[in-house]
Amino acid sequence: MKSLFRLLVVFLLTAQVAIAQKTVSGVVSDPDGLPLPGATVLVQGTTTWCNH
Numbered sequence: 221m222k223s224l225f226r227l228l229v230v231f232l233l234t235a236q237v238a239i240a241q242k243t244v245s246g247v248v249s250d251p252d253g254l255p256l257p258g259a260t261v262l263v264q265g266t267t268t269w270c271n272h
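Each residue of the sequence shown is one higher than the one before, starting from 221 at the first, in this note's numbering.
Shown next as structure tokens:
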């Protein structure tokens, strides 16, 4: 019974991570059109931050 419970927990955690993956692409630039390295982006309507 413990092994079935552990398998279920691992499956649910893996499913959560897999569902949460989305790709966002683009360029953050200043008013002159120059790219801004190290910009932090907040996905609007969420609390998800991305810093690259």
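Note that beta-carbon positions come from the ideal geometry of N, C-alpha and C, so glycine has one too.
Relative to the C-alpha of residue 247, which residue among 234, 267 and 261 is closest? Start at 1 with the first residue of the sequence shown, and residue 247 comes out as number 27. Answer by Cα proximity: 261.
Return helix, strand or coil for residue 261, following the three-state DSSP convention. Numbered from 1 along the sequence shown, position 41 holds the residue referred to as residue 261. Of the three classes helix, strand and coil, the one that applies to residue 261 here is strand, per DSSP.
For residue 224 and residue 235, I'd like the C-alpha separation in whole angstroms. Reading the sequence shown from its first residue, position 4 is the one you call residue 224. Reading the sequence shown from its first residue, position 15 is the one you call residue 235. Rounded to the nearest angstrom, the two C-alpha atoms are 16 Å apart.
Between 265, 230, 266 and 249, which lies nearest to residue 259 when the distance is taken from Cα to Cα? Position 39 of the sequence shown holds residue 259. Of all alpha-carbon atoms in 265, 230, 266 and 249, the one lying nearest the alpha-carbon of residue 259 is that of 249.
I need the DSSP call for residue 245, collapsed to helix, strand or coil. Counting from 1 along the sequence shown, the entry for residue 245 is found at position 25. When secondary structure is reduced to three states using DSSP, residue 245 falls in the coil class, being assigned neither helix nor strand.
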